[in-house]
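Enquirer:
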Amino acid sequence: MTFLEYVNKLLDEIKDNKSLDFKTADNFIQRINELNYQDGTKLSYEDKVKIIDLLKQEAEKRNYSLQYYINDSTNSRSLSVIAHMIDKINQNSTSVQNKNGGKNNGTK
Amino acid sequence: MEPNEIQFWLEILNIATISALSISTIILTVLISKKNTGFNEIQIREIINNAFYKINESSNNLDQDPSNITYQRIFFSHVECYLNIYDDLCGTYLDGKIDKKRFEKNYKDELINLVTDEMFKDYYKPEDQLKSKYKKTLKVYFKITDSDSPREKLLNDNSI
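Line by line, the protein sequences are chains A and B. Numbering-wise, numbering that gives the first Met the number 0 puts 74 at position 75 of the first sequence, and it's gapless, one number per residue. Numbering-wise, numbering that gives the first Met the number 0 puts 88 at position 89 of the second sequence, and it's gapless, one number per residue.
#1: Just checking: is the beta-carbon of Q71 (chain B) within a distance shorter than 7 Å of some beta-carbon in chain D?
#2: Is there contact between the segment 46-63 of chain A and the segment 6-21 of chain A, where contact requires at least three CB pairs shorter than 8 Å?
#3: With a threshold of 7 Å between beta carbons, is V6 (chain A) in contact with chain B?
#4: How close, in whole Å, do the beta carbons of I111 (chain B) and Y140 (chain B) come, if the pair is a contact with beta carbons under 8 Å?
#5: The alpha helix (DSSP H) with S76 (chain B) in it runs from where to where?
#6: Could you check what DSSP says for Q66 (chain A) in three-state terms: helix, strand or coil?
#7: Would you say E79 (chain B) faces chain A, with C-beta separation under 7 Å as the test?
#8: Between I50 (chain A) and I31 (chain A), which are expected to be in contact by the criterion C-beta below 8 Å, what is the C-beta distance as a whole number of angstroms?
#9: Over the uninterrupted alpha helix (DSSP H) stretch that includes L110 (chain B), give me the two end residues.
#10: Checking 7 Å against the spacing of the C-beta atoms, do L137 (chain B) and Y122 (chain B) come in under that value?
#11: Provide the residue(s) that pair with K41 (chain A) in DSSP beta bridges, ordered along the chain.
#12: Closest Cβ-Cβ distance between E56 (chain B) and chain A: below 7 Å?
#13: I need the straight-line Cα distance from K22 (chain A) to M84 (chain A), nearest angstrom please.
#14: Identify the residues that DSSP records as bridge partners of S79 (chain A): which are they?
#15: Please classify S76 (chain B): is it buried, with 16 or more other beta-carbons within 10 angstroms of its beta-carbon, or exposed?
#16: For my contact list, S77 (chain A) and Y68 (chain A) are in at a C-beta cut-off of 8 Å; report their separation, rounded to the angstrom.
#17: Using DSSP's beta-bridge definition, name the partner residues of S18 (chain A).
#18: Please tell me whether I108 (chain A) and K55 (chain A) are closer than 7 Å, where the distance is taken between their beta carbons.
#19: Measuring only the C-alpha atoms, how far is M118 (chain B) from S66 (chain B)?
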């Protein structure tokens, strides 16, 4: 399956809501983190980001909302779900690097 | 009037002057400290708002170009800066350098929202306090929510 096909498969799961909330985004990230290449090795940080980039482009084509409203008294402060997803991938690669005793080079 | 009597009234006047000065100094100090507290609160609010504005800005940039490594780094750094501000603020609360009642009034809901928010909760990991980078924030969070931290819970369980 190509990245584009995978991304469209994910977006099909939210076609009723037409928006990507944080819980669903976290679920997508969890699944993206578990993806492997055909040789069985884990996806690189760069390729995970590529998938999110594609997800954003395809979501825009479908006019899906990708904004998240911060939980405060006004509910007027919003952030991009895409930025959150990249942040999560970075955190994950950081913790994997730390567990392996290496330094964080997730974004390098 | 006898010289002793003059001396007596001069001393009374002296004491009254000193007392009046002391009282006005105390009132002024209180007023200044109140003024400063208000000023500090405005400053703190401004710092928090600016930090959030930065996150918002860098999140929008990253949204436009998710693969851009510079945008990614700026965004991560702004998130960390935002959370550090709250952690420092909680540090001043724990050290007693800030009016505790006003702090709780002003920031209680905000801190609860911050720690439990979907966006930031992975940074705090309330269920695993020791692993969090923001221990001061979590300590205050457990204090103001009157809940036991996982560590305290463990200690309480062991004592039973």
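Note that the Cβ used here is the ideal one computed from N, Cα and C, for glycine as well.
Expert: In short, the structure shows the following:
#1: Among the protein chains of the structure shown, namely A and B, there is no chain D.
#2: Enough Cβ pairs lie closer than 8 Å, so yes.
#3: For V6 (chain A), the answer is no, since every Cβ of chain B falls outside 7 Å of its Cβ.
#4: Yes, they are in contact, since the Cβ atoms of I111 (chain B) and Y140 (chain B) sit about 7 Å apart, within 8 Å.
#5: I68 to L93 is the span of the alpha helix (DSSP H), which, as asked, contains S76 (chain B).
#6: Reduced to three states, the DSSP call for Q66 (chain A) is strand.
#7: No, E79 (chain B) lies away from the interface with chain A (no Cβ there is under 7 Å from its Cβ).
#8: Contact holds; Cβ gap of about 6 Å.
#9: Element bounds for L110 (chain B): K99 to T115.
#10: If you check the CB distance, L137 (chain B) and Y122 (chain B) do not come in under 7 Å.
#11: In DSSP, K41 (chain A) forms a bridge with A:N35.
#12: For E56 (chain B), the answer is no, since every Cβ of chain A falls outside 7 Å of its Cβ.
#13: The alpha-carbon of K22 (chain A) is positioned some 11 Å away from that of M84 (chain A).
#14: Per DSSP, A:Q66.
#15: Per the 10 Å Cβ criterion, exposed.
#16: With a Cβ gap of about 5 Å, S77 (chain A) and Y68 (chain A) count as contacting.
#17: Answer is A:S64, bridged to S18 (chain A).
#18: Limits of chain A in this structure are 0 at one end and 107 at the other, which puts residue 108 (chain A) out of reach.
#19: Approximately 20 Å, taken between the alpha carbons.
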